[in-house]
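There are 2 protein chains.
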Amino acid sequence: MRIGELARRAGTTTRALRFYESQGLLTAPRAANGYREYGEEHVRLVGEILTLQAVGLSLDDTRPFVGCLRAGHETGDSCADSIEVYERKLAEVDALLTQLGEVRSGLVAKLASALARRPLPCVVPGSAPPPNEQESR
Amino acid sequence: MRIGELARRAGTTTRALRFYESQGLLTAPRAANGYREYGEEHVRLVGEILTLQAVGLSLDDTRPFVGCLRAGHETGDSCADSIEVYERKLAEVDALLTQLGEVRSGLVAKLASALARRPLPCVVPGSAPPPNEQESR
DNA sequence: CTAAGGATTGACGTCAGCGTCAAGGCAACC
DNA sequence: GGTTGCCTTGACGCTGACGTCAATCCTTAG
Numbered sequence: 001m002r003i004g005e006l007a008r009r010a011g012t013t014t015r016a017l018r019f020y021e022s023q024g025l026l027t028a029p030r031a032a033n034g035y036r037e038y039g040e041e042h043v044r045l046v047g048e049i050l051t052l053q054a055v056g057l058s059l060d061d062t063r064p065f066v067g068c069l070r071a072g073h074e075t076g077d078s079c080a081d082s083i084e085v086y087e088r089k090l091a092e093v094d095a096l097l098t099q100l101g102e103v104r105s106g107l108v109a110k111l112a113s114a115l116a117r118r119p120l121p122c123v124v125p126g127s128a129p130p131p132n133e134q135e136s137r
Numbered sequence: 001m002r003i004g005e006l007a008r009r010a011g012t013t014t015r016a017l018r019f020y021e022s023q024g025l026l027t028a029p030r031a032a033n034g035y036r037e038y039g040e041e042h043v044r045l046v047g048e049i050l051t052l053q054a055v056g057l058s059l060d061d062t063r064p065f066v067g068c069l070r071a072g073h074e075t076g077d078s079c080a081d082s083i084e085v086y087e088r089k090l091a092e093v094d095a096l097l098t099q100l101g102e103v104r105s106g107l108v109a110k111l112a113s114a115l116a117r118r119p120l121p122c123v124v125p126g127s128a129p130p131p132n133e134q135e136s137r
């Protein structure tokens with residue numbers, strides 16, 4: 001199958017697939033006319049990548065999984081490197097949760113003290129961003 | 001005081017201060033030689049911006065607070081708009097916490113099933129990114 | 001006089017993961 | 001042979017909050 005069909009079946013875009021290839025995550029033989037030719041295994045591979053991204057892994061984090069599948073394993077997480085990524089990412093997520101909890105506390109505290117000071121706050125016209133004197137975005 | 005001192009006292013960099021100015025958050029009169037001239041109120045203002053960023057607000061979110069201080073209020077969160085930002089951000093943080101919790105569950109599940117399948121996973125040499133055929137980064 | 005240490009503006013780089021556009025080639029159908 | 005649809009590569013855009021570099025100016029101390 002060609003790149004468009006793979007994209008549809010895997011639930012992504014051709015642009016993403018070409019990007020994965022540029023990052024070395026996906027390789028495809030070319031037909032005589034230069035078109036990429038994919039098989040069923042690629043559908044699974046892309047599916048694995050997307051699933052991993054859904055649980056918070058970066059594209060770079062999926063490398064070990066891809067390598068594991070290429071090495072002939074049934075699943076991408078049959079290899080030590082992949083497990084390691086799981087554990088590292090879990091630690092990162094936990095750290096993020098903690099940090100975000102602190103952020104939440106800070107926000108709640110600020111909100112509470114603001115409300116305590118002024119049961120009925122005032123209103124100020126508004127402050128739109130100026131015509132942006134260079135430093136273009 | 002000039003921009004370097006303000007940066008030191010507020011705990012940031014001159015680049016950040018100039019950026020804030022380009023975004024309309026900070027305004028300073030100029031001396032005869034073109035140097036920006038700041039006063040004590042700017043130290044407080046920049047401090048407010050940094051504190052707000054620390055609790056998760058984007059620069060854009062700090063606009064109402066800056067406007068509130070400019071309007072002569074003691075604190076940046078004495079105005080209705082600021083309170084609104086607090087509440088909106090709190091909702092965002094809660095949503096993020098929920099989502100991150102789900103990500104965590106997904107990770108834990110994947111880790112568990114991978115470990116269940118293979119108490120002693122294999123090892124694969126490694127898959128370094130290729131020489132990057134265009135799509136440069 | 002010169003060197004050092006700030007200050008100024010402008011412009012490009014960074015990180016992730018693609019989106020979007022452009023110009024053109026290939027294949028099939030009417 | 002013209003249209004449609006899919007494919008190719010290349011290149012720039014986007015988000016946020018600045019970092020970094022370059023070229024030049026101002027002030028002060030030695």
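Chains as they are written, first to last, in the UniProt record's numbering: chain A, 1 to 137; chain B, 1 to 137.
Beta carbons: idealized from backbone N, C-alpha and C, even for Gly.
>> Residues of the region 83-95 of chain A in Cβ contact with chain B at a cutoff of 9 Å, in chain order, please.
In response: Ile83, Tyr86, Glu87, Lys89, Leu90, Val93, Asp94
> chain B beta carbons: is any one of them nearer than 9 Å to that of A:Glu133?
Replying inline: Note on A:Glu133: pLDDT 41, under 50, position unreliable in the model; no value is reported.
>> Using a 10 Å radius around the Cβ and a threshold of 16 neighbouring Cβ atoms, would you call A:Arg137 buried or exposed?
In response: With a pLDDT of 41 at A:Arg137, under the threshold of 50, the modelled position of this residue cannot be trusted; read the value that follows with caution. Exposed, because fewer than 16 other Cβ atoms sit within 10 Å of the Cβ of A:Arg137.
> Given A:Ser78, which residues of its chain have a CB within under 8 Å of its CB, disregarding the five upstream and five downstream residues?
Replying inline: Cys68
> Does the distance from the C-beta atom of A:Pro64 to that of A:Val85 stay below 9 Å?
Replying inline: yes
> Start and end of the alpha helix (DSSP H) containing A:Leu69?
Replying inline: 63-70
> From B:Glu37 to B:Arg2, what distance separates their C-alpha atoms?
Replying inline: 5 Å
> Taking the continuous alpha helix (DSSP H) assigned at residue 171 of chain A, which residues delimit it?
Replying inline: Given that chain A is displayed from residue 1 to residue 137, the structure contains no residue 171 of chain A and the question cannot be resolved.
>> Counting only beta-carbon separations shorter than 9 Å, does A:Gly101 have a partner in chain B?
In response: yes
> Can you pull the DSSP bridge partners for A:Arg30?
Replying inline: A:Arg36
>> Excluding the 5 residues flanking B:Ala128 on each side, which residues of the same chain have their C-beta closer than 6 Å to its C-beta?
In response: Bear in mind that the predicted position of B:Ala128 carries a pLDDT of just 45, short of 50, making it unreliable; the figure below should be weighed with that in mind. No residues qualify anywhere along the chain.
>> Considering just the uninterrupted stretch of the alpha helix (DSSP H) at A:Leu96, what are its terminal residues?
In response: 80-117
>> Under 8 Å: do the region 102-114 of chain B and the region 80-94 of chain B share three or more Cβ pairs, one atom per stretch?
In response: no
> Going by other Cβ atoms of all chains shown within 10 Å of its Cβ, with 16 needed for buried, is B:Asp60 buried or exposed?
Replying inline: exposed
>> For A:Leu17 and B:Val103, I'd like the C-alpha separation in whole angstroms.
In response: 24 Å
>> Please confirm whether B:Ala114 has its beta-carbon closer than 9 Å to some beta-carbon of chain A.
In response: yes
> Name the chain B residues that come within less than 8 Å of A:Arg104, Cβ to Cβ?
Replying inline: Leu90, Val93, Asp94, Leu97
> Pick from A:Val93, A:Gln99, A:Thr62: whose alpha carbon is nearest that of A:Gln23?
Replying inline: A:Thr62
> Along chain A, which residues have their Cβ under 8 Å away from the Cβ of B:Leu107?
Replying inline: Val55, Gly56, Tyr86, Lys89, Leu90, Val93
>> Could you check whether the Cβ of A:Leu45 sits closer than 8 Å to any heavy atom belonging to the ligand NAP?
In response: Looking at this structure, you won't find the ligand NAP or any other ligand, since it has none at all.
> Mind checking if A:Pro130 is an interface residue toward chain B, Cβ cutoff 9 Å exclusive?
Replying inline: Note that A:Pro130 has pLDDT 46, beneath the 50 cutoff, so the model's placement of it is unreliable and no number is given.
> Is there at least one Cβ from chain A nearer than 9 Å to B:Leu111's Cβ?
Replying inline: yes
>> If distances are taken between C-alpha atoms only, which option among B:His73, B:Ala80, B:Thr75, B:Glu41 comes closest to B:Leu26?
In response: B:Glu41
>> Quick check on DSSP: helix, strand or coil for A:Thr75?
In response: coil
>> In the DSSP assignment, the alpha helix (DSSP H) including B:Thr14 goes from what residue to what residue?
In response: 14-22
> Helix, strand or coil: how does DSSP classify B:Leu6 here?
Replying inline: helix
> By Cβ distance below 6 Å, which residues in the same chain neighbour B:Arg70 in space, the five residues on each side in sequence not counted?
Replying inline: none
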